[in-house]
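Engineer:
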Amino acid sequence: MLSRVEIENLPAHELEILMEYGQDLLSPSELLGVQLFIQRIGGMQNARQAIEMLKKLGQ
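Quick note: the sequence shown uses numbering that gives the first Met the number 0, first residue 0, plus one each step.
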């Protein structure tokens, strides 16, 4: 079973493969862990972009 730390240390191409084929390769809880990690990254990236946009609008 993949731990949270193992998931967070996977290279991007492996995460992409797991998102595409994870239902065949992983247990449901492992697949959920991968999906949640990717969502968390996306949320952080979107939040950073929003902050940068607000900074630009404030200038």
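Cβ coordinates follow ideal geometry from the N, Cα and C atoms, glycine included.
#1: Given a cut-off of 8 Å on the beta-carbon distance, is the pair residue 3 and residue 32 in contact?
#2: Going by the beta-carbon positions, is the gap between residue 52 and residue 29 smaller than 8 Å?
#3: Taking DSSP as the reference, what is the three-state secondary structure of residue 58?
#4: Please report the distance separating the alpha-carbon of residue 5 from that of residue 48.
#5: For the alpha helix (DSSP H) containing residue 24, list its first residue and its last residue.
Structural biologist: With the structure as the only source:
#1: Using a Cβ distance threshold of 8 Å, residue 3 and residue 32 count as a contacting pair.
#2: Result no, Cβ atoms of residue 52 and residue 29 do not sit closer than 8 Å.
#3: Coil.
#4: Each residue's alpha carbon lies about 27 Å from the other.
#5: That run of the alpha helix (DSSP H) goes 11-24.
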